[in-house]
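In UniProt numbering, the protein residues as written are 1 to 567.
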């Protein structure tokens, strides 16, 4: 049993008791023989007073002060026992609640450990670098493989009987979705994994570093200051003089007794967080572009219309059609410019946009690299074609002859049409006529019904030509414009992310410098460190410390001048 001195009972008339065990294991016999009685005055709060033998005596109501007494007992007070007689149901419910609380705490601890391990894995730098290299490799592959083509295109270009590089067939492209690389599950999954790595690194590394950098870290140890990257001593100096010099150099200076702490370039500590956020913006914008955009292509002859919504197709699950899809576009004119050699230089489309009420809301002539933008939709001039040829025959017409594209080797275009002639020989059921070929809109080559070359005419010349007894006049060549339309809600986010990335990258090059100083008698011990530009930091510190004696001398001269003036 513990000794009588092992328990200390604190009695306060205004408060309930509290029991505290002391650390004396075996008191002396002299201490056992007597019961110490200690009392101290306290403001009366009502209640009772306890005597030396443990008895409680009433305190007079009119007393101005009450006694706070400390009494040593011979034995420990009895431990409170749980009430008996509770029902079995209550006991069972209590046991269930205890078990449930224990299992909940165990699950919470398991969740915390799993979260901690997951964050440690995701914030691993080699993993993040590997993810970026994998994303870059997929992006490069997406520029090599033609995107968005029909499956038959890949069947023909990557056949199984003649694999590219001996093993690449159409299955390697279509199965993982590399025909639409930037919206494929593999690419989007890598983007999500890199985003998680950036967030984990920010949470576990960058934020704690910023919190530490923001603290005013004073030190009372000169030895600790001398262990910094830069350290020096200033005899016959004070930290106040050093603080004035540091403030003049752009440092934030704080003093506490004989200690000084200064820093500058704290923005350089925040910049890595900004870099991570900018990269997250870029990846979020790229994901939104891949899953929430629309795209469409159309070839429209001059003078015809089309509705935007009729040609647009969603690219992902987040694609939502805006109201502007009801806009109608009319091709007022399509024309081309040529080099002196006859090659196509540039082609233009004069477009008008009409709302549901038939009102023209916009008109613009677009060309290659000069698109039209309206309501979040961008219309690009991408191609051209030959739609029809207006021809007069023997003064009749004009007849619109549709021009069909003819396949040639290479990228050269060739279009052709046919003007049938009446066959006087009824025994020959085959239809004969005049063939017309064109490489562009500026010249037409004509052949007679036997396939012999007859001549060349320009649509603008208005000169007729006689073929097989028929006078043919080419009035006009009607071109068709090839337009690409798309909506991309992720573009503003990507641009904002790249702008923030450039800004925060530049800010991250700012050095975060810290300086500590301690007044040791008449000597000031100075030390400091920086996270970048360490050589420049040492040179800066030497220059700053060289100014301290100059400042001290100037102060002494001012003091002498002040005394002389006073005398």
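Every residue, glycine too, gets a C-beta built ideally from N, C-alpha and C.
Item                                                                                                                                                                     : Value
Could you please give me the residues that DSSP links to residue 344 through a beta bridge?                                                                              : 338
Please state the DSSP three-state secondary structure of residue 167.                                                                                                    : coil
Which class does residue 21 belong to by DSSP, given the choice of helix, strand or coil?                                                                                : Because residue 21 sits at a pLDDT of 41, beneath the cut-off of 50, its placement in the model cannot be relied upon, and the following sentence gives the value as read from the coordinates. Residue 21 falls in the strand class under three-state DSSP.
Between residue 208 and residue 494, what straight-line distance do the alpha-carbon atoms span, to the nearest angstrom?                                                : 28 Å
Between residue 199 and residue 141, which are expected to be in contact by the criterion C-beta below 8 Å, what is the C-beta distance as a whole number of angstroms?  : 27 Å between Cβ atoms; not a contact.
Could you tell me the alpha carbon to alpha carbon distance between residue 297 and residue 395, rounded to whole angstroms?                                             : 38 Å
Secondary structure at residue 147, three-state DSSP: helix, strand or coil?                                                                                             : coil
Rounded to whole angstroms, what's the CA-CA distance from residue 195 to residue 187? Just pull it up for me.                                                           : 12 Å
When we look at the beta-carbon of residue 399 and count the other beta-carbons within 10 Å, is it buried (16 or more) or exposed?                                       : exposed
Under 8 Å by Cβ, that's how I've got residue 504 and residue 274 pegged, so tell me the actual separation to the nearest angstrom.                                       : 3 Å
So for residue 252, helix, strand or coil by DSSP?                                                                                                                       : strand
Beta strand (DSSP E) containing residue 365: first to last residue?                                                                                                      : 360 to 367
Just the C-alpha distance for residue 235 and residue 522, rounded to the nearest angstrom, thanks.                                                                      : 6 Å
Scan the region 364 to 451 and note each continuous beta strand (DSSP E) run of 3 residues or more that stays entirely inside, going in chain order.                     : 372 to 374, 377 to 393, 396 to 402, 415 to 421, 432 to 438 and 444 to 447
Given 8 Å as the limit, is there contact between the region 434 to 442 and the region 352 to 365, that is, 3 or more CB pairs closer than that?                          : no
List the DSSP bridge partners of residue 519.                                                                                                                            : 524
Which of the three DSSP states is assigned to residue 120 in this structure?                                                                                             : helix
For residue 269, which of helix, strand or coil comes out of DSSP?                                                                                                       : helix
Starting from residue 498 and walking both ways along the beta strand (DSSP E), at which residues does that stretch end?                                                 : Element bounds for residue 498: not the beta strand (DSSP E) but the alpha helix (DSSP H), 491 to 507.
Measure the C-alpha to C-alpha separation of residue 247 and residue 124 and round it to an integer number of angstroms.                                                 : 39 Å
Any heavy atom of the ligand FAD closer than 7 Å to the CB of residue 259?                                                                                               : This structure does not include the ligand FAD; it has no bound ligands of any sort.
In this structure, does DSSP put residue 262 in helix, strand or coil?                                                                                                   : strand
Do residue 391 and residue 328 come within 8 Å of each other at the CB atom, strictly closer than that value?                                                            : no
Are the beta-carbon atoms of residue 299 and residue 152 separated by less than 8 Å?                                                                                     : no
Quick check: the Cα distance between residue 136 and residue 310, rounded to an integer number of angstroms?                                                             : 35 Å
I'd like the list of long-range same chain contacts for residue 280, defined as Cβ closer than 8 Å, with 5 residues on each side in sequence excluded.                   : 195, 198, 199 and 497
Taking Cβ positions, are residue 258 and residue 514 nearer each other than 8 Å?                                                                                         : no
Tell me whether residue 551 sits in a helix, a strand or coil according to DSSP, three-state version.                                                                    : helix
Consult DSSP for residue 276 and reduce its assignment to one of helix, strand or coil.                                                                                  : helix
In chain order, what residues of the same chain have a beta carbon less than 7 Å from the beta carbon of residue 508, not counting five sequence neighbours either side? : 268, 271, 272 and 275
By how many angstroms is the C-alpha of residue 220 removed from the C-alpha of residue 524?                                                                             : 12 Å
Near residue 420, which residues of its chain fall below 7 Å by C-beta distance, leaving aside the five closest residues on each side in sequence?                       : 431 and 433
Just confirm the distance between the C-beta atoms of residue 375 and residue 322, as a whole number of angstroms; I'd bet it's less than 8 Å.                           : 7 Å
For the alpha helix (DSSP H) that residue 185 lies in, which residues bound it at each end?                                                                              : 185 to 201
Between 468, 360 and 324, which has its C-alpha nearest residue 332's C-alpha?                                                                                           : 360
Report yes if the C-beta distance between residue 183 and residue 315 is below 8 Å; otherwise report no.                                                                 : yes
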